[in-house]
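Enquirer:
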Amino acid sequence: MSTTTGNKTLLKGGEWLIRESAPADAFTPEEYNEEQQMVKDMCRSFLDTEVIPIVDRIDKLEPGLMPSLLVKSGEQGLLGISIPEEYGGLGKDFITATLVNEGLGGGYSFSVAMAAHTGIGTLPILYFGNGDQKQKYIPKLASGEWKGAYGLTEPNSGSDALGAKTTATLSSDGKHYLLNGQKCWITNGGFADVYTVFAKIDGDKFTAFIVDRDSPGFTQGPEEHKMGIKGSSTVQLYFQDAQVPVENVLGEIGKGHVIAFNILNIGRLKLCAAALGASKRVTSNSIQYAITREQFKTAIANFGAIKSKLAEMAIRIWVCESGLYRSAKWIDDKEHELLQDGKPFNEALLGAAEEYAIECAMLKVFGSETLDYCVDEGVQVHG
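If you use numbering that gives the first Met the number 0, the sequence shown corresponds to residues 0 to 382, in order.
1. With a threshold of 8 Å, are at least 3 pairs of Cβ atoms found where one atom belongs to the segment 64-75 and the other to the segment 38-50?
2. Can you find a CB in chain D that lies within less than 7 Å of the CB of PRO28?
3. Which same chain residues end up closer than 6 Å to SER108 when comparing Cβ atoms and leaving out the 5 residues on each side of it in sequence?
4. Out of curiosity, what's the CA-to-CA distance linking ILE53 and GLY189?
5. Please name the residue or residues paired with GLU293 in a DSSP beta bridge.
6. Look up ILE209 in the DSSP assignment and give the residues it is bridged to.
7. Got a sec? Which residues, its chain only, sit under 6 Å from ALA277 by beta carbon, not counting five neighbours each side?
8. Roughly how many angstroms separate the alpha carbons of GLU85 and ASP24, rounded to a whole number?
9. Please return the same chain residues whose Cβ sits closer than 6 Å to the Cβ of GLY143, not counting the five positions on each side in sequence.
10. Sort THR186, ILE265 and VAL210 by Cα distance to GLN235 and report the nearest one.
11. Spatial neighbours of ALA356 within its chain, please: C-beta separation below 7 Å, excluding the five flanking residues on both sides.
12. Can ILE262 and THR206 be called in contact, C-beta distance under 7 Å?
13. Quick one: what does DSSP say HIS175 is sitting in, helix, strand or coil?
14. Inspect the CB distances between the segment 285-304 and the segment 138-153 and report whether three or more fall short of 8 Å.
15. Between the alpha carbons of GLY202 and ALA191, how many angstroms are there, rounded?
16. Among LYS308, ALA352, VAL318 and CYS319, which one has its Cα closest to the Cα of TRP329?
17. When the Cα atoms are used, what is the spatial distance from SER110 to SER171?
18. I need the straight-line Cα distance from GLY102 to ALA273, nearest angstrom please.
19. What ranges does the beta strand (DSSP E) occupy inside the segment 31-112, keeping only unbroken runs of at least 3 residues that lie completely in it?
20. So ALA198 and GLY180 are supposed to be a Cβ contact under 8 Å. How far apart are they, rounded?
21. From TYR176 to VAL193, what distance separates their C-alpha atoms?
22. With distances taken between CB atoms, is the gap from LEU337 to ALA327 smaller than 7 Å?
23. Report the rounded CA-to-CA distance for VAL243 versus GLY216, giving the unit in angstroms.
24. Assuming contact is defined by CB atoms lying nearer than 7 Å, are TYR126 and LEU349 in contact in what I supplied?
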């Protein structure tokens, strides 16, 4: 059932399909405050000055380049935008965090590395770590001094997280868990310092662990050669009696699925934001090209076929943006409501994201398909 916050009615997840809501209840990008507009401009400036000019170097996986860019973005506060101030972040709301993901989404392979670091590479520890774990890892992840990665996917399991084969066995002295198994397609895996890795204890207790890069028995494979996002580090991880201290168990034993599924709810919306940013850059570039490219003594932007392509790209971007920020505001409002009810920070945001899991999933699909469409049509515009 919907709830009323102030003068606005807050719909529950999926209720927009069956209940009416007033236009004033829907957040739009035109409502960005001055600080949010500054953040948006800062993201654009960072891409234009630090990333776009060196895309060719990034795509060649130049050693140390991507980590250095993450450090630079951390120095500007972009990695810790939603991390509480007590852990070295800026403590901004969900809309602002979404805005950063969109703003940096047009940064080619850098966008993937950044999103993986700030999302699945950092949030599991922030939301599910104990006090000591947060104090040890979060400030350095927020600054970019340490880089994060997430080890869930295996050769025979991906979305079916509980089908994972990696095992964790308590050592004879009770001080370590010994991990054995393999993870694949791990973004940032080639240079990360900290990994959230999932394994099964006693055959069925799916559990999350914080694994440091220098853990004995833990190695990383060579970089995968991909068709796209070539500058994003993607490797396999290997565990051969990898020693992980017992204090690095993340959350409760046997409750790893809670971490995996909750983090993926937020990750789906963040992916949509990044795809939106990339779609806007593709479309902007295509418009500029269509204006300057001439055929038959006129700009191709005057041709009906080109107009149709650019118009459809703009339509899909507008729909994607509208749904994204409407949902981000709902999550913000629900989080605020749960905080007022006495929920701690992590439970409030996770609860809000879970409430709107339907919207997060829909946005992930529509955002990625919008980018797919805009890129394909952008290629056609460029001939």
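We put the CB at the ideal spot given by N, CA and C, even for glycine.
Fair warning: this is a prediction, and the values are worked out from it, not measured in the lab.
Expert: Short version:
1. yes
2. Going by chain labels, chain D is absent from the structure shown, which holds only one protein chain.
3. ILE57, ILE228, GLY230 and SER231
4. 20 Å
5. ALA298
6. THR195
7. GLY104, GLY105 and LEU370
8. 32 Å
9. LEU69, VAL70, GLY73 and LEU78
10. THR186
11. GLY12 and ASN264
12. no
13. strand
14. no
15. 28 Å
16. ALA352
17. 43 Å
18. 7 Å
19. none
20. 6 Å
21. 16 Å
22. no
23. 9 Å
24. yes
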